[in-house]
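**Q** In our numbering, the protein residues as written are 3 to 203.
(1) Return helix, strand or coil for residue 7, following the three-state DSSP convention.
(2) Under three-state DSSP, which class holds residue 66?
(3) Secondary structure at residue 144, three-state DSSP: helix, strand or coil?
(4) Taking only runs that begin and end inside the stretch 120-200, name each unbroken beta strand (DSSP E) of 3 or more residues, in chain order.
(5) Could you compute how far the alpha carbon of residue 114 sits from the alpha carbon of residue 199?
(6) Quick test of your reading: residue 105 and residue 66, contact by CB under 8 Å. State the CB separation rounded to the nearest angstrom.
(7) Within 10 angstroms of the Cβ of residue 189, are there 16 or more other Cβ atoms? Answer buried if so, exposed if not.
(8) Does the beta-carbon of residue 62, which I'm using as the reference point, lie nearer than 7 Å to any heavy atom of the ligand SAM?
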């Protein structure tokens with residue numbers, strides 16, 4: 003089983019584990035790093051872990067959740083009448099990339115807690131203004147959390163037939179950054195012990 007994350011702080015001391023891989027931030031970095039790794043040494047499953055932003059009405063800060071499906075939310079065209087997705091343009095699909103429910107159940111069993119299931123939006127630029135949040139919700143109304151890698155990892159795993167699961171802990175609310183309530187330390191204090199339990203399982 004391969005454990006992957008985007009940024010160094012998301013792993014902390016867990017980075018020393020041989021089964022932990024830092025992908026880099028963003029869809030391109032995640033796709034390249036994960037593809038190279040799984041083609042060289044195919045894992046039985048992939049566990050993506052990290053922090054995420056929460057849209058209004060989504061999970062609270064420092065709350066863990068399982069992203070059961072993820073979308074390439076901003077792949078398309080912004081037009082005067084609103085957002086046109088790849089599907090609407092006839093140019094491809096944005097998702098959903100669905101996580102493996104059995105792996106989700108395994109995560110819950112290892113952690114000894116039922117986790118909320120959410121839908122994720124994977125974006126190129128995070129929603130740091132209220133206007134961006136409104137645009138993001140219009141482009142992907144299903145989503146309640148936001149990251150920069152989730153659907154990319156899901157797409158790689160789907161293409162190569164590898165089961166995957168995504169564990170996120172909320173570090174901030176999306177929207178104007180001065181009101182986003184950032185608490186990365188609190189999120190990591192929840193994330194790191196959880197991933198340690200999974201690694202030890």
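From the three backbone atoms N, C-alpha and C, an ideal C-beta is built for every residue, glycine too. Keep in mind it's a predicted model, so treat the numbers as computed, not measured.
**A** This is what the structure holds:
(1) Residue state, collapsed to three classes: strand.
(2) Assignment of residue 66 by DSSP, reduced to helix, strand and coil, places it in the strand class.
(3) Coil at residue 144, not helix or strand.
(4) Complete beta strand (DSSP E) runs here, min 3: 147-149 and 166-175.
(5) For residue 114 and residue 199, the distance between alpha carbons rounds to 10 Å.
(6) With a beta-carbon spacing of about 15 Å, residue 105 and residue 66 fall beyond the 8 Å limit used to define contacts.
(7) By the beta-carbon neighbour count (other beta carbons within 10 angstroms, threshold 16), residue 189 is buried.
(8) For the structure depicted, the ligand SAM is absent and the ligand set is empty, with no information on it obtainable.
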